[in-house]
Amino acid sequence: MTHYLFGEMYRTFRRRYLYLTVAVCGLVLLSVTSLFAYANSTVEDASQRMHLDMLLLFFIQFLPSIGLYFTLLIGDMTFSEEHKIQTMRNTIFFGMPRITVYLGKFVNCLVYCFVVMAALLAIAFGLGAALLGGPGAAFGPCFREFLLMLAGAIPLWIAGAALATALFCNIQSPTMVTLAFCGAFILPTNFLKLINWLVDVPAAAKIRELLITSRLDALTHGAASENPAFLFTCWATGLAFTAAFLILGFAGFSRKEIK
Amino acid sequence: MEEPVFASHQLTKRYRDLAVDHITLEIKPGQIYGLVGKNGAGKTTLIRMITGQTFPTSGDFTLFGQSGEANLNRMRRRIGCMVETPSFFPYLTAHDNLEFYRIQRGIPGRETADALLRQVGLANTGRKKFKNFSLGMKQRLGLALALLGSPDFLVLDEPINGLDPMGIVEFRDVLLQLNREHGTTILISSHILSELANLATHYAFVDSGRLLEQISADEIRAKCRDCLEIAVNNAPQAAALLEQAGITDFEVLPGSTIRLYSHIDDPQTISSLLVGGGVALLSINTHTSNLEDYFLNLMGGKQA
Chain A
1 MTHYLFGEMY RTFRRRYLYL TVAVCGLVLL SVTSLFAYAN STVEDASQRM HLDMLLLFFI
61 QFLPSIGLYF TLLIGDMTFS EEHKIQTMRN TIFFGMPRIT VYLGKFVNCL VYCFVVMAAL
121 LAIAFGLGAA LLGGPGAAFG PCFREFLLML AGAIPLWIAG AALATALFCN IQSPTMVTLA
181 FCGAFILPTN FLKLINWLVD VPAAAKIREL LITSRLDALT HGAASENPAF LFTCWATGLA
241 FTAAFLILGF AGFSRKEIK
Chain B
1001 MEEPVFASHQ LTKRYRDLAV DHITLEIKPG QIYGLVGKNG AGKTTLIRMI TGQTFPTSGD
1061 FTLFGQSGEA NLNRMRRRIG CMVETPSFFP YLTAHDNLEF YRIQRGIPGR ETADALLRQV
1121 GLANTGRKKF KNFSLGMKQR LGLALALLGS PDFLVLDEPI NGLDPMGIVE FRDVLLQLNR
1181 EHGTTILISS HILSELANLA THYAFVDSGR LLEQISADEI RAKCRDCLEI AVNNAPQAAA
1241 LLEQAGITDF EVLPGSTIRL YSHIDDPQTI SSLLVGGGVA LLSINTHTSN LEDYFLNLMG
1301 GKQA
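Top to bottom, those sequences are chains A and B. The first sequence begins at 1 in our numbering and counts up one residue at a time. The second sequence begins at 1001 in our numbering and counts up one residue at a time.
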C-alpha cells in the first residue's frame, strides 16, 4: 500500500492539474477578498468595515457545500482518467491487489483534499490579512464557529471522497461520474423534501435529516455551535456513508474487467 | 519434473459468446510460446485472464504452480506484460512514467528507469511527453515497462505492431537475449507469423476460443520442409520405383500425390525415373511451406 501511495503522489505532484486547481481557487478567493476590500473602501465609518471575521462567516456559509463537491474534483485528479487512458491495467498486471488499488485511490483522494484545502485556507487567510487588515472584534467567536463547522464537515467530506472513489473506479466516463455524484447528493434530499411537502410523512423528514447534504446545511446555520453534540451525529453519518460507499464501490471494482 | 510457468485446465471465458472455450495449455520454463489465431480467436482474452484484467467464467490456471487469486497476484509480480497498444500517462515523460511504476511496485534502484530506456532505445527522449510519442516509441516504452523488475515470464500481445524494421530486429534481439541469457519464458501473440517464426520454440493455434493444436517449432519445421510435390497416375508404382532407386525420404499423400524431400534441385532425374518406369507424370512442382501455410492449412484453407 505504501509503495502504491508514493507512486500516486509521484505522479500527481508532477501534473499541472493540482497546481492549476490551487491557482484557480486562489484567484476566486482573491476576487472575493478584493470585493470585500472594495466594499470597505466605500464605507467611511471604520466600525462598519469588514475584517477577517467576515471572511470566516463567508466560509461558514459556503465552505460545507463547496467542500463536498470539491471532493469530486479531487477524486478526478486522483483517478487521472485511468480507465480512459487504460493505465489501470499496468497496475493490475503487476498483481497489485484490487483492494490496495481501491483503498489507495481513496487515501490519496483524502491526502490531496487535505493538501489543497490547507493551501487554499492559507491563501484565504493571507489575502484576508493583507487586504482586510487583520482580525476584527468578532474574530474569536467567528473562528470558534469556523472550527466547529470544520469539525462537523470533515467526516461528511470524507464520505464525499468515498463516493467519488467508488464512482471513478467503476464508471469510465467522467461526465457520468459527475452526474452520478451530483445526483446522489441532490436528488434524495429534494425527493424527500417533495414527499414531505406533498404528504406530511414524518419518516421522510427524519430520513432527510440523516443525509449528508442536510447535515452540511445544518452546519452552515450554526448547528454545531448551538449544540456541540451535533458533531457526533455528523461523524456517525459521515463514517456510515463512507463505509457504505466504499463497500458498494469495491463490490463493483473487484470483478470489473480492466481494459 | 519441471513446474510449468503457466498451466490452464479447461479455462473458459464467456461474454455473450464463448471467447475462450475450455483451453488446456501448458508453458514450460524457457519456452518462447507463440500464440497464433485470427482476430477474435480468443488470444487477447486468454492473455487478459493471465494478467488479471478479467476473470475466468470456469476452469482455472496456475502461474509458477500457484493458483487462487491471492497467490496468482503474488506470482504476477514475476510477470512482465505488454497487452495491445501500451498505455501510459500522456502528460509524463518516458522516464517519469517508468519511475512512477517503479515506485508503485516498490522496485529498488533509482537508475532502473534510465537503464531500461537505454535497453529499448529510448534513452534520448528527454522531456518529450508520452502523448507526443510515435507508435513505435510507445511500443518500446511498453517493452521497457514489461521488463521492469526483471520478470521470469513475459506476456506480450501484438508487441511489434507499429515498429519499424530496425525496431523489429532490435525487439527480437532483446527477447532472444532475455530467453537465452536469463531463461525468461515468453508468451507472445502476433499476426506477423514470419516474425513469430524467428522467435518461437513452441506454438499454440487457437480459433473461435478453442485450442486447435500445441506443437513445437521443430515439429512444424519437420512438417513444413521444402519438397517436390509429384502428381502421378499410379502412386504405389511410383513409390516402388523411387525405393528401387534408393530414394526413401518421401511420403505418399491421398490423391496420388507424392512428397519427395530429397532431389529438390534435381526434378529432371525424378521425372525420367518415373516416366521410364511406366508411370504417367501429371505434374511436378517444388513446394515450399512455412508457418503461415501451416496456420492456413490448420484453419482450413485461405479463408483464414
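Built from N, CA and C at the ideal position, the CB exists for glycine as well.
Using a Cβ-Cβ distance cut-off of 8 Å, the stretch 204-223 of chain A and the stretch 58-74 of chain A are in contact, since at least three pairs of beta carbons, one from each stretch, lie closer than that value. In this structure, the beta-carbon distance from D1157 (chain B) to I1032 (chain B) does not fall below 9 Å. Shown here for R1225 (chain B): same chain residues with a beta carbon closer than 6 Å to its own, the five before and five after excluded, namely Y1261 in chain order. Counting C-beta atoms within 10 angstroms of its own C-beta, D53 (chain A) has 16 or more neighbours from the protein chains shown and is therefore classed as buried. Residue contact check for F1088 (chain B) against chain A: a CB pair falls below 9 Å. Comparing alpha-carbon positions, the option among B:S1134, B:V1174 and B:L1018 lying closest to P1090 (chain B) turns out to be B:S1134. Annotated as proximal: V1120 (chain B) and L1143 (chain B), with beta-carbon spacing under 9 Å. In this structure V43 (chain A) is exposed. Its beta-carbon is surrounded by fewer than 16 other beta-carbon atoms within 10 angstroms. In the three-state reduction of the DSSP assignment, T1201 (chain B) falls in the coil class. One finds I1103, Q1104, R1105 and G1106 in chain B with Cβ atoms closer than 8 Å to the Cβ of H3 (chain A), taken in chain order.
Within the stretch 77-109 of chain A, the residues whose Cβ lies closer than 8 Å to some Cβ of chain B are S80, I85, Q86, T87, R89, N90, T91, I92, F93, F94, G95, M96 and P97, listed in chain order.
Under a criterion of Cβ atoms nearer than 7 Å, the residues of chain B adjacent to I258 (chain A) are, in order, Q1053. From the listed residues A:C169, A:A243 and A:V116, the smallest Cα separation to F79 (chain A) is found for A:C169. With distances taken between CA atoms, T1269 (chain B) lies nearest to B:A1245 out of B:F1250, B:L1291, B:A1245 and B:N1290.
Scanning chain A for C-beta atoms nearer than 9 Å to the C-beta of D1017 (chain B) yields nothing, as the closest lies near 15 Å away. Closest option to K1138 (chain B), judged by alpha-carbon separation, among B:G1106, B:D1152 and B:F1171: B:F1171.
Proximity of G7 (chain A) to chain B, defined by a Cβ-Cβ separation below 9 Å, is satisfied. Taking a 10 Å sphere around the C-beta of D1017 (chain B), we find fewer than 16 other C-beta atoms and assign the residue as exposed. For the 9 Å CB-CB criterion, F146 (chain A) and F232 (chain A) do not form a contact. In this structure V1252 (chain B) is not in contact with A1231 (chain B), their Cβ atoms being roughly 12 Å apart against a cut-off of 8 Å. Using beta-carbon distances, V1083 (chain B) counts as an interface residue toward chain A, with a partner under 9 Å. According to the DSSP assignment, T233 (chain A) belongs to the alpha helix (DSSP H) that extends over F230 to F253. Interface criterion not met: the Cβ of D1114 (chain B) is under 9 Å from no Cβ in chain A.
At a beta-carbon threshold of 8 Å, the residues of chain A lying near E1099 (chain B) are Y10, ordered along the chain.
Taking C-beta separations shorter than 7 Å and ignoring five residues to either side along the sequence, the partners of I123 (chain A) in its chain run G26 and L29, following chain order. Annotation: R1221 (chain B) to A1204 (chain B) spans about 15 Å, alpha carbon to alpha carbon. Using a Cβ-Cβ cut-off of 9 Å, G1149 (chain B) counts as an interface residue toward chain A, since at least one Cβ of chain A sits closer than that to its own.
Listed along chain B, no residue sits closer than 9 Å to R215 (chain A) by beta-carbon distance, the nearest being about 36 Å off. In the assembly as shown, M1166 (chain B) is an exposed residue. Its beta-carbon has fewer than 16 other beta-carbons within 10 Å.
Within the model, the alpha-carbon separation for K1028 (chain B) versus L1145 (chain B) is close to 23 Å. Within the stretch 1222-1237 of chain B, not one residue has a Cβ closer than 9 Å to any Cβ of chain A.
Within chain B, the residues F1055 have their CB atoms less than 7 Å from the CB of R255 (chain A), given in chain order. Within chain A, the residues R11, R14 and R15 have their CB atoms less than 9 Å from the CB of L1092 (chain B), given in chain order. For F36 (chain A) and F139 (chain A), the gap between their C-alpha atoms comes out near 16 Å. At least one C-beta of chain A is nearer than 9 Å to the C-beta of A1070 (chain B).
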